[in-house]
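K.L.:
A single structure is presented below for examination.
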Amino acid sequence: MAISSIQFLHSLGPFNASFTTTTTTASSSKNTKTPRVSLGFRGSVDFNMCSLSPGFFVSSSARSRAWALVRDRGEKTEDYPPVTDSVDDDQVVSTPQKLQERDFTDTPYVPIYVMLPLGVVSMNCELLDPEGLMDQLRILKSVNVDGVMIDCWWGIVEANAPQVYNWSGYRRLFQIVRDLKLKLQVVMSFHECGGNVGDDVHIPLPRWVTEIGQSNPDVYFTDRDGRRNSDCLSWGIDKERVLKGRTAVEVYFDYMRSFRVEFDEFFEDKIISEIEVGLGPCGELRYPSYPAKHGWKYPGIGEFQCYDKYLMKSLTKAAEARGHLFWARGPDNAGSYNSTPHETGFFCDGGEYDSYYGKFFLNWYSQVLVDHGDRVLALANLAFEGTCIASKVSGIHWWYKTASHAAELTAGFYNPANRDGYAPIAAMLKKHGAALNFTCVELRTLDQHEDFPEALADPEGLVWQVLNAAWDVCIPVASENALPCYDREGYNKILENAKPLNDPDGRHLSAFTYLRLSLVLMESHNFMEFERFVKRMHGKLYPVVSLLFERH
1 MAISSIQFLH SLGPFNASFT TTTTTASSSK NTKTPRVSLG FRGSVDFNMC SLSPGFFVSS
61 SARSRAWALV RDRGEKTEDY PPVTDSVDDD QVVSTPQKLQ ERDFTDTPYV PIYVMLPLGV
121 VSMNCELLDP EGLMDQLRIL KSVNVDGVMI DCWWGIVEAN APQVYNWSGY RRLFQIVRDL
181 KLKLQVVMSF HECGGNVGDD VHIPLPRWVT EIGQSNPDVY FTDRDGRRNS DCLSWGIDKE
241 RVLKGRTAVE VYFDYMRSFR VEFDEFFEDK IISEIEVGLG PCGELRYPSY PAKHGWKYPG
301 IGEFQCYDKY LMKSLTKAAE ARGHLFWARG PDNAGSYNST PHETGFFCDG GEYDSYYGKF
361 FLNWYSQVLV DHGDRVLALA NLAFEGTCIA SKVSGIHWWY KTASHAAELT AGFYNPANRD
421 GYAPIAAMLK KHGAALNFTC VELRTLDQHE DFPEALADPE GLVWQVLNAA WDVCIPVASE
481 NALPCYDREG YNKILENAKP LNDPDGRHLS AFTYLRLSLV LMESHNFMEF ERFVKRMHGK
541 LYPVVSLLFE RH
């Protein structure tokens, strides 16, 4: 007799952890203001559980109980627990009756990946708790998850000396994934991990890079007050030989080429399905304009990050080319990290952002972003020829309903109300045959208005704009959630964006990556909802669940 994935989870009993951490599920209370914003390491992470340290996997005693149950039921222990399409009444938690939901049966198949914990590989590049990881991955496999996403941290692999790479922990991890017949999305993570509220994993840039930064802090992005941001290297040194004789893009290329050679068998066997190339803070193509370490809080507009000497030299050159050398400066009326647009002379309605100088500066600032992506992705295609590559773009949805779109402007997206700031990025990705990975597909504009009405946010409008900018140039569009999601309402919003209703061209997401594998996700009711979500993303039938809910 086959057991369902939920029965399998129940059999495990409590999940024992070898460390202490604070995790919370999403609260339904409208009185608690939790900013719905991407703040994490390589991408969008929540405030309470954005990083889970290694060692959170299933205990050995729980594993024994689980596989004993499988044996008792006559199953082969080497097989994964199969999934059934039925859900018992006693497995369903009482939920208020919902409106009729859209039927996703026989809709396009959208692959589902799950991000692994940030600290699954140690600073010594050792895989921590491989048995526990294997059990977690078996559970994901049991509900037909297609694969997992893993960050390959520059600060771990090339930690001690230039061009001395240690991939050992990742090789062990990849072998486990291959043995379980899962796929891999791999992130080339050229940024720092940690430094935000709730982070309990810290992976800095390589030691030899931070030593260079101590003597030459202009290798980092810098704000108007001279504060440096060590999350990643400034794009101003992309072509500057300041990294022990190499430029930044040469360093990135050498790292990617080493990875391709080291894991050749996983490429040849198609275990690695995609390489996501980190292009900025949190692995996203954006400036680090809203760093929590510098006091930013949602929904502040952030600050421009162009004051290192290399970017200022680029700005001066651009101003000279325009014949207006006095434009070789950043705006002096753009406020501070936690300003609102109307408090500033630059971003207010009719402000300087729309002046001749403002347009010049924003064109230059956003073009530096596009040029950086262009350079790095060109080299990524050389390193990973024949493998899909992708770039992640963050969903900066606050102040979207204002004319200036101030938070997007400071992040490098020149997207005021009278201009499409995402079309140039989509065109650049198209040039390199790269997919666009976009965040915040689970957020609802109505929730933003209830929780933070002053932010004038519109995540739904932003998602619509960005997805269409990519689809208009016919590049694949993937996505991930901005915050951990466990409820049906959030999953339904993801489904709506993944498979737009009545789209005349039948457009849909090429893949979805779930943020992130955690103890909370593995709680039985949460995992039941996740399994249901996976089936619907795959276009499979999920019978009579709504009727079961109505009876309670």
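The opening position of the sequence shown corresponds to residue 1 in the UniProt record's numbering, with each subsequent residue numbered one higher.
Just so you know, even glycine gets a beta-carbon here, dropped at the ideal spot from N, CA and C.
Because the structure is a prediction, the values reported are computed rather than measured.
Is residue 184 helix, strand or coil by DSSP?
P.N.:
In this structure, residue 184 counts as strand in the three-state DSSP scheme.
K.L.:
In three-state DSSP terms, what is residue 301?
P.N.:
Residue 301: coil per DSSP, three-state reduction.
K.L.:
Just to confirm, is the Cβ distance from residue 379 to residue 285 under 8 Å?
P.N.:
Not in contact: residue 379 and residue 285 (Cβ atoms no closer than 8 Å).
K.L.:
Assuming the contact rule is C-beta atoms closer than 8 Å, residue 584 and residue 539 should be a hit. Round their C-beta distance to whole Å, please.
P.N.:
Residue coverage of the chain in this structure runs from 1 to 552, which leaves residue 584 outside it and unanswerable.
K.L.:
Compute the Euclidean distance between the alpha carbons of residue 456 and residue 385, then round it to the nearest angstrom.
P.N.:
Distance between the alpha carbons of residue 456 and residue 385 is about 43 Å.
K.L.:
Using a Cβ-Cβ cutoff of less than 8 Å, which residues in the same chain neighbour residue 534 once the five nearest sequence positions on both sides are dropped?
P.N.:
Excluding sequence neighbours, residue 534 sits near 112, 143, 144, 145.
K.L.:
Residue ranges of each alpha helix (DSSP H) run of no fewer than 4 residues wholly in the stretch 356-384, ordered along the chain?
P.N.:
Within the stretch 356-384, the complete alpha helix (DSSP H) runs of at least 4 residues are 356-383.
K.L.:
Between the Cα of residue 299 and those of 306, 269, 337, 324, spot the shortest distance and give me the residue it belongs to.
P.N.:
Nearest option by C-alpha distance: 337.
K.L.:
Under 8 Å, do residue 304 and residue 331 count as touching if we go by C-beta distance?
P.N.:
Contact flag set, yes.
K.L.:
Would DSSP call residue 219 helix, strand or coil?
P.N.:
If DSSP states are grouped into helix, strand and coil, residue 219 belongs with the helices.
K.L.:
Buried or exposed: where does residue 450 fall if 16 or more other Cβ atoms within 10 Å of its Cβ makes it buried?
P.N.:
Label assigned to residue 450: exposed.
K.L.:
Once the 5 residues before and after residue 251 are set aside, which same chain residues still bring their CB inside 7 Å of it?
P.N.:
Around residue 251: 243.
K.L.:
DSSP has residue 151 in a bridge; who is on the other side?
P.N.:
BP columns for residue 151 point to 187.
K.L.:
From residue 165 to residue 104, what does the alpha carbon distance come to, in whole angstroms?
P.N.:
Roughly 45 Å between the two C-alpha positions.
K.L.:
Within 10 angstroms of the Cβ of residue 343, are there 16 or more other Cβ atoms? Answer buried if so, exposed if not.
P.N.:
Counting Cβ neighbours within 10 Å, residue 343 comes out exposed, since fewer than 16 surround it.
K.L.:
Touching or not, the stretch 264-276 and the stretch 344-353, by the rule of three or more beta carbon pairs under 8 Å?
P.N.:
Verdict: no, contact absent.
K.L.:
Tell me which residue opens and which closes the alpha helix (DSSP H) that residue 138 is part of.
P.N.:
Here the alpha helix (DSSP H) through residue 138 covers 130-142.
K.L.:
Answer with buried or exposed for residue 260, where buried requires no fewer than 16 other C-beta atoms within 10 angstroms of its C-beta.
P.N.:
Residue 260 comes out buried.
K.L.:
Which partner residues of residue 121 appear in the DSSP bridge assignment?
P.N.:
Answer is 127.
K.L.:
Under 6 Å Cβ to Cβ from residue 414, same chain only, skipping five residues before and after it: list those, please.
P.N.:
Cβ neighbours of residue 414 beyond the five flanking positions: 362, 366, 421.
K.L.:
Please report the straight-line C-alpha distance between residue 140 and residue 194, rounded to a whole angstrom.
P.N.:
The straight-line gap from Cα to Cα measures roughly 27 Å.
K.L.:
Measuring only the C-alpha atoms, how far is residue 537 from residue 498?
P.N.:
In a straight line, the C-alpha of residue 537 is about 8 Å away from that of residue 498.
K.L.:
What residue does the beta strand (DSSP E) around residue 239 start on, and which one ends it?
P.N.:
Residue 239 -> no beta strand (DSSP E), and no H or E assigned at all.
K.L.:
With a threshold of 7 Å on Cβ separation, who are the neighbours of residue 404 within its own chain once the five nearest residues in sequence on each side are excluded?
P.N.:
These residues qualify, in order along the chain: 341, 347, 351, 353, 416.
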